[in-house]
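Asks: Each residue of the sequence shown is one higher than the one before, counting from 1 in UniProt numbering. Next up is a structure, given as structure tokens.
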Amino acid sequence: MTAAPELPTKTTEPKREAIPEYEPELRGRAERYTVFAFVFVPLIALLASLPFFWGWGLSLTDIAIASVFYLISGLGITVGFHRHFTHGSFKAKRPLRIALAIAGSMAIEGSVIKWVADHRRHHKYADAEGDPHSPWRFGDDWKSVAKGLYYAHMAWMYLDEKKTSPRRFAPDLLKDKDIVLVDKLFGLIVVFSLGAPALIGGLVTMSWWGAFTAFFWASLVRMALLHHVTWSINSICHTIGEENFEVRDRSRNVWWLAIPSFGESWHNLHHADPTCARHGVLKGQIDISARVIWVFEKLGWASKVRWPNNERLAAKRVSV
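Have a look at this one:
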């Protein structure tokens, strides 16, 4: 009798070790104090701007410089950090990709890789345990929601000791040498974002006073205003507003934030279809960021743009 052929032995590959969602070291006290300072110093400047505005110290030069820096840094966050880097709503050519990373860093809301990692974790656990900034984390009664709003708006950045792991949530960016370099240069970009308005204001007016007022309005007040508009998407747009599309969380649309947020406050559709390049998809919903992406596409700087799909939108539409 011939021996039966040996059956091939089944080899099992070792399971890959899961990458933890948080960094092994906690956020240090110095880091938390630094974040606290960058949150509250511009806020104080914003509050001080009201009496400052009525009396003196605001010129057309200050308004122009502040507007330009708000536009660049704001679109850097919405078009760059959010729609491009976090969700891949479009492909960008290398010069545009680098420019968007720098522009978003100028908003001083954290380095590009950290920002993306935190936001991807937010989408994974939106309004559930694990979400870094849900306003519903403490409960549904009014006291809990009030506490949650404050936490979601800004307190999570300096009260939460845990740090999101970029290896888990942004491995694609860690492989991009250009983005890693921009991430490492975040400190210098912050200095430029704060110092450039003062330099421009001083040169235009040829005075130290012009440099000071430009720093006040185009650096501190501009940064504070952009911060709180951005953070309102985390807090207000997860608490109040309209639900036009079915979602598994509490993301809502807040129309009065649409212009200052460049279209980000059409937040309900974004959570229903996160990779969509346009958030304001219904009639009358102005989405400046989407229009900028459209311009990039027409210029040949952006490709593979994920524009809204009517069938997909109809399937998620909330019946009235």
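C-beta: ideal position from N, C-alpha, C; glycine also.
If I measure Cβ to Cβ from M223 and keep anything under 7 Å in the same chain, skipping five residues before and after, which residues do I get?
Replies: Here residue 223 refers to the residue found at position 223 of the sequence shown. For M223, where only same-chain residues beyond five positions count, the Cβ hits under 7 Å are P42, I108.
Asks: For I286 versus G263, is the C-beta distance shorter than 8 Å?
Replies: Locating residue 286 in the sequence shown gives position 286, where the first residue counts as 1. Locating residue 263 in the sequence shown gives position 263, where the first residue counts as 1. In contact: I286 and G263 (Cβ atoms closer than 8 Å).
Asks: Looking only at its chain, what residues have a beta carbon closer than 8 Å to the beta carbon of G280, apart from the 5 residues adjacent to it on each side?
Replies: As a working note, residue 280 is residue 280 in the sequence shown. Hits under 8 Å: A258, G263, W266, L269, I286, D287, A290.
Asks: How about V112 and I179: are their beta carbons less than 8 Å apart?
Replies: One-based indexing of the sequence shown puts residue 112 at position 112. One-based indexing of the sequence shown puts residue 179 at position 179. Yes, they are a contact pair.
Asks: What span of residues does the alpha helix (DSSP H) with E243 cover, start to end?
Replies: The residue you call residue 243 lines up with position 243 of the sequence shown. Element bounds for E243: n/a, residue is neither H nor E.
Asks: Out of K162, R168, A302, N309, state which residue places its alpha-carbon closest to the alpha-carbon of R97.
Replies: Against the sequence shown, residue 97 aligns to sequence position 97. That would be A302, whose Cα lies nearest to the Cα of R97.
Asks: Look up T164 in the DSSP assignment and say whether it is helix, strand or coil.
Replies: On the sequence shown, position 164 is the one that residue 164 refers to. The answer is strand: DSSP assigns T164 an E or B state.
Asks: Let's test the definition: count the other Cβ atoms within 10 Å of the Cβ of W115 and tell me whether it reaches 16, buried, or not, exposed.
Replies: Residue mapping note: residue 115 aligns to position 115 of the sequence shown, counting from 1. The residue is buried, with at least 16 neighbouring Cβ atoms inside 10 Å.
Asks: Can you tell me the Cα-Cα spacing of M154 and I240, whole angstroms?
Replies: Translated into the one-based positions of the sequence shown, residue 154 becomes position 154. Translated into the one-based positions of the sequence shown, residue 240 becomes position 240. Those two C-alpha atoms are separated by around 17 Å.
Asks: Buried or exposed: W217, going by 16 or more other Cβ atoms within 10 Å of its Cβ?
Replies: In the sequence shown, residue 217 corresponds to position 217, counting from 1. By the neighbour-count rule (16 or more Cβ atoms within 10 Å), W217 is buried.
Asks: Indicate whether the contact test is met: 3 or more Cβ pairs, each with one atom in the region 243 to 250 and one in the region 162 to 179, closer than 8 Å.
Replies: Not touching, per the Cβ criterion.
Asks: Excluding the five sequence neighbours on either side, which residues of its own chain have a C-beta within less than 6 Å of the C-beta of A211, listed in chain order?
Replies: Taking the sequence shown and counting its residues from 1, one reaches residue 211 at position 211. A198, G201, G202.
Asks: What is the DSSP secondary structure of Y22, reduced to helix, strand or coil?
Replies: Here residue 22 is taken as the residue at index 22 of the sequence shown, counted from 1. In this structure, Y22 counts as strand in the three-state DSSP scheme.
Asks: In or out: T86 buried (at least 16 other Cβ within 10 Å) or exposed?
Replies: Locating residue 86 in the sequence shown gives position 86, counting from the first residue. So T86 ends up on the buried side.
Asks: Would you tell me roughly how many angstroms separate the C-alpha atoms of residue 395 and G104, rounded to the nearest one?
Replies: Since the first and last residues shown for the chain are 1 and 320, residue 395 lies out of range.
Asks: Taking the DSSP output, what are the residues bridged to K91?
Replies: Position 91 of the sequence shown, counted from the first residue, corresponds to residue 91. Partner(s): S303.
Asks: Under 8 Å Cβ to Cβ from V39, same chain only, skipping five residues before and after it: list those, please.
Replies: Residue 39 sits at position 39 when you count from the first residue of the sequence shown. Within the same chain, V39 has close Cβ partners M154, M157, Y158, H227.
Asks: Within its chain, find whatever has a CB closer than 7 Å to the CB of L282; leave out the 5 residues flanking it on each side and keep chain order.
Replies: Translated into the one-based positions of the sequence shown, residue 282 becomes position 282. Once the five neighbours on either side are set aside, the close Cβ partners of L282 are N244.
Asks: For K304, which residues in the same chain have their Cβ closer than 7 Å to its Cβ, ignoring the five residues on either side in sequence?
Replies: Residue mapping note: residue 304 aligns to position 304 of the sequence shown, counting from 1. Cβ neighbours of K304 beyond the five flanking positions: F90, K91.
Asks: Taking the alpha-carbon positions, what's the V191 to A315 distance?
Replies: Walking along the sequence shown from the start, residue 191 turns up at place 191. Walking along the sequence shown from the start, residue 315 turns up at place 315. Those two C-alpha atoms are separated by around 47 Å.
Asks: Please report the distance separating the alpha-carbon of D273 from that of D141.
Replies: Here residue 273 is taken as the residue at index 273 of the sequence shown, counted from 1. Here residue 141 is taken as the residue at index 141 of the sequence shown, counted from 1. The alpha-carbon atoms of D273 and D141 are separated by roughly 29 Å.
Asks: Roughly how many whole angstroms lie between the Cα atoms of H271 and V204?
Replies: Indexing the sequence shown from 1 puts residue 271 at position 271. Indexing the sequence shown from 1 puts residue 204 at position 204. Looking at the two C-alpha atoms, the distance is approximately 44 Å.
Asks: Express the C-alpha separation of R94 and G57 in angstroms, rounding to a whole number.
Replies: For this step, residue 57 is matched to residue 57 along the sequence shown. For this step, residue 94 is matched to residue 94 along the sequence shown. Those two C-alpha atoms are separated by around 41 Å.
Asks: Buried or exposed: residue 350, going by 16 or more other Cβ atoms within 10 Å of its Cβ?
Replies: Examination of residue 350 is not possible in this model, given that the chain is present from 1 through 320 alone.
Asks: Under the three-state reduction of DSSP, which class applies to N309: helix, strand or coil?
Replies: Taking the sequence shown and counting its residues from 1, the one referred to as residue 309 is at position 309. If DSSP states are grouped into helix, strand and coil, N309 belongs with coil.
Asks: For R317, name the three-state secondary structure that DSSP assigns.
Replies: By one-based count along the sequence shown, residue 317 stands at place 317. The answer is strand: DSSP assigns R317 an E or B state.
Asks: Report all residues from its chain with a CB closer than 6 Å to the CB of K10; omit the five preceding and five following residues, and keep chain order.
Replies: One-based indexing of the sequence shown puts residue 10 at position 10. Residue confidence for K10 is low, a pLDDT of 47 falling below 50, so the modelled location carries little weight; the figure read from the coordinates is stated next. Cβ neighbours of K10 beyond the five flanking positions: none.
Asks: Grouping DSSP H, G and I as helix and E and B as strand, with all else coil, what is W255?
Replies: As a first step, residue 255 is located in the sequence shown; it is residue number 255 there, counting from the start. W255: helix per DSSP, three-state reduction.
Asks: Kindly identify the DSSP beta-bridge partner or partners of W142.
Replies: Numbered from its first residue, the sequence shown carries residue 142 at position 142. Note: W142 sits in no beta bridge, so no partner.
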